[in-house]
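Contents: one structure, followed by commentary.
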Amino acid sequence: MVASACNLSTREGEGTEYPGGDGIYRTKSSTRNHTTLVEFILLGFSDVPNLQRLLFGVFLIIYIIILIGNSLIIIITKVDPSLQIPMYFFLGNFSFLEICYVSVTVPRLLQDLYRQDRNISFLACATQMYFFLVLGATECFILTAMAYDRYVAICNPLLYPLIMNSSLCTQLAASCWTSGVPVHIGFTYFIFSLPFCGSNQLNHFFCDIPAVLTLACGDTFIIEMLIYVIALLVVTIPFLMILGSYVKIVLTVLKLPSAIGRAKSFSTCSSHLMVVAIFFGSGIITYLRPKSSHSARTDKFLSLLYTIVTPMFNPLIYCLRNKDVMVALKKFLLKWIAL
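Just add 830 to the spot in the sequence shown (first one is 1) and you have the numbering used here.
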């Protein structure tokens, strides 16, 4: 299986293709003392062969739940008049983002589990990593924008309509969607410019940074420093901004004279805080912990949290903990059933 899955390119004037003793075909270069791989094999969950069909069924059901749940939120935030406020504008953007985010990794995972064809070319791997990173950065920024919206609504309620006007909301959303694009184009290019040699077996279910870097045979120090810098800009700073917003929100809410008012204010923020804790927590542990503490099993588990589990629970968290969304959802479903 490995022999047939491992294809290697032969560049004109650089070398010839030859079979290695382990059955993997490689390109021998006259100018470089290493071999060059042009395909990876995503091992995914191949270490549990008896559970392949079960995992396929579980992940397929989760993917369908994510698509349906987030699509319903997008629809009701667009059609229900009571939800035409900035809070739900960002929630609609967030739900659309979640659909895009899981669609980068889950369809490929389902294909690997069903067909057992785990080959992925360098181009496909780089493309998957790029969109995963861009959409992950977008999620960090949108969660930050949502926290800012709650901060203004609770700490400056009289100025809220003036500050969070439609123009600012549109600009914030556009910035969230586009800010990570140029950075991650260059970052992905640098990663896949590294020489890859030896094994082409990627011990992950998608092309994540730590898994890909373990196969690089060149010096990865600069890339590792870039990871920390980008993680600082994309993950740590937004997380600290969210934390700062909620510290001010809590201090403001505690000053409210009415217990009912305090409970209502906290309820509008609790769902967002739960999503932030799961997404940022798993992301920070994955990308900012020391390289020596990385393990394939732990990385795969953490990746499942922020690529599949969090997007699945987001619609449930925002619907079940938000009365306005629940009322709008019931109205929409009753109207749709009546048709």
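Backbone N, C-alpha and C define an ideal beta-carbon position, used for all residues, glycine too.
{"Check": "Over the uninterrupted beta strand (DSSP E) stretch that includes LEU913, give me the two end residues.", "Outcome": "Neither: LEU913 is in no beta strand (DSSP E) and is coded neither H nor E."}
{"Check": "Just the C-alpha distance for CYS970 and ARG883, rounded to the nearest angstrom, thanks.", "Outcome": "33 Å"}
{"Check": "Is the number of C-beta pairs between the region 1071-1078 and the region 1123-1133 that are closer than 8 Å three or more?", "Outcome": "no"}
{"Check": "Out of ILE984, GLY1010, LEU965, LEU988, state which residue places its alpha-carbon closest to the alpha-carbon of ALA1093.", "Outcome": "ILE984"}
{"Check": "Can you find a heavy atom of the ligand GTP that lies under 7 Å from the Cβ of VAL1011?", "Outcome": "This structure does not include the ligand GTP; it has no bound ligands of any sort."}
{"Check": "Please go through the same chain and pick out, in chain order, the residues whose beta-carbon is closer than 7 Å to the beta-carbon of ILE1079, but skip the five residues on each side of it.", "Outcome": "ARG980, TYR981, ILE984, CYS985, CYS1099"}
{"Check": "When you compare the CB positions of PHE889 and LEU953, do they come within less than 8 Å of one another, or not?", "Outcome": "no"}
{"Check": "Determine the closest residue to ALA1041 out of PRO1145, TYR1148, THR1116, with distance taken between C-alpha atoms.", "Outcome": "THR1116"}
{"Check": "Could you name the residues that DSSP lists as bridge partners for PHE1026?", "Outcome": "ALA1046"}
{"Check": "Indicate the three-state DSSP secondary structure (helix, strand or coil) for LEU1032 in the structure shown.", "Outcome": "strand"}
{"Check": "Taking only the alpha-carbon atoms, compute the straight-line gap between ILE895 and ILE1057 and give it to the nearest angstrom.", "Outcome": "32 Å"}
{"Check": "Is SER951 helix, strand or coil when you go by DSSP?", "Outcome": "strand"}
{"Check": "Let me check one thing: in DSSP terms, what residues is PRO869 bridge-paired to?", "Outcome": "The question names Pro, but residue 869 in the sequence shown is Glu. Note: GLU869 sits in a beta bridge opposite SER951."}
{"Check": "Let me know the secondary structure DSSP gives GLY1074 once reduced to three states.", "Outcome": "helix"}
{"Check": "Would you please state the rounded distance, in angstroms, between the beta carbons of ILE1114 and VAL1065? I believe it to be under 8 Å.", "Outcome": "6 Å"}
{"Check": "For TYR1117, would you say it is in contact with chain C, using Cβ-to-Cβ distances shorter than 8 Å as the test?", "Outcome": "Judged by its chain identifiers, the structure shown contains no chain C, having just a single protein chain."}
{"Check": "For ASP1154, name the three-state secondary structure that DSSP assigns.", "Outcome": "helix"}
{"Check": "Do you know whose CA, among GLY966, ILE950, TYR944, GLN946, lies nearest PHE926's CA?", "Outcome": "GLY966"}
{"Check": "Between the Cα of ASP1049 and the Cα atoms of ALA1061, SER1023, ILE1067, MET1142, which residue gives the shortest distance?", "Outcome": "SER1023"}
{"Check": "Rounded to whole angstroms, how far is the Cβ of ALA1003 from the Cβ of TYR1076, which I believe are closer than 8 Å?", "Outcome": "Between TYR1076 and ALA1003 the Cβ distance is about 21 Å, and since that is not below 8 Å, they are no contact."}
{"Check": "If you scan the region 919-953 from start to end, which runs of the beta strand (DSSP E) of 3 or more residues do you find wholly inside it?", "Outcome": "949-951"}
{"Check": "Would the region 891-907 count as touching the region 930-945 if we require 3 or more Cβ pairs under 8 Å?", "Outcome": "yes"}
{"Check": "Residues in the same chain with beta-carbon distance under 7 Å from PRO1012, minus the five sequence neighbours each way, listed in chain order, please.", "Outcome": "none"}
{"Check": "So for MET1142, helix, strand or coil by DSSP?", "Outcome": "helix"}
{"Check": "Let me check understanding here. Comparing Cα to Cα, which of LEU1134, PHE1036, GLN914 lies closest to LEU872?", "Outcome": "PHE1036"}
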